[in-house]
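Undergrad: Here it is, the structure, as structure tokens.
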């Protein structure tokens, strides 16, 4: 299944001006195949045996993909970062839904997240992290 996302991942990385290394391409392909945000550990477990990366290399590749806006990180109250592919090159601020039953995290792309809140004088907006919590369809 990852093969169908491998070429897309390679194209996205090259289009972004990066070097399409085996690690970066493999990680992005895994994230493109996922419908939900997954943890560093889950990515590590999904890597094919031939593509096993040490944790530091995996972390650096994830950070590079975040910096290039190819993926985004989702913060969570369980202290685990989750990662999800940006299917569009120019991502936008959006909310996430976290199931309190199974810890699944999905993007809520259609929930508007406005960045025009009145801030005190001298303050500048950079990003919004909005997580809606509840039960997913499987846990209801």
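Numbering (the numbering used here), first residue to last: 15 to 154. Yeah, the Cβ is synthetic: ideal placement off N, Cα and C, and Gly gets one too.
Pop quiz: residue 98 and residue 86 are said to be a contact at Cβ under 8 Å. What is the actual Cβ separation, rounded to whole angstroms?
TA: At roughly 6 Å, the Cβ-Cβ gap stays under 8 Å, so residue 98 and residue 86 are in contact.
Undergrad: Identify whether residue 19 lies in helix, strand or coil by the three-state DSSP scheme.
TA: Residue 19: helix per DSSP, three-state reduction.
Undergrad: Quick check: the Cα distance between residue 25 and residue 80, rounded to an integer number of angstroms?
TA: Near 16 Å, if we compare the C-alpha coordinates of residue 80 and residue 25.
Undergrad: So residue 41 packs on residue 76, CB below 8 Å; how close in whole Å?
TA: Contact flag correct, Cβ pair sits at about 7 Å.
Undergrad: Applying the 10 Å Cβ sphere with the 16-neighbour rule, what's the burial state of residue 96?
TA: Flag for residue 96 reads buried.
Undergrad: Under 7 Å Cβ to Cβ from residue 149, same chain only, skipping five residues before and after it: list those, please.
TA: Here the set comprises 113, 114, 115.
Undergrad: Kindly provide the ranges of any beta strand (DSSP E) runs that are 3 or more residues long and lie completely inside the region 35-108, ordered along the chain.
TA: The qualifying runs are 85-88, 96-99.
Undergrad: Three-state secondary structure (DSSP) at residue 27?
TA: Of the three classes helix, strand and coil, the one that applies to residue 27 here is helix, per DSSP.
Undergrad: What is the rounded straight-line gap between the Cα of residue 121 and the Cα of residue 89?
TA: Each residue's Cα considered, the two are about 12 Å apart.
Undergrad: Helix or strand or just coil, what does DSSP make of residue 149?
TA: Three-state result, residue 149: coil.
Undergrad: To the nearest angstrom, how far is it from the Cα of residue 68 to the Cα of residue 55?
TA: Taking the straight line joining both Cα atoms gives about 11 Å.
Undergrad: Measure the alpha-carbon distance for residue 92 versus residue 142 and round it to whole angstroms.
TA: Rounded to the nearest angstrom, the two C-alpha atoms are 19 Å apart.
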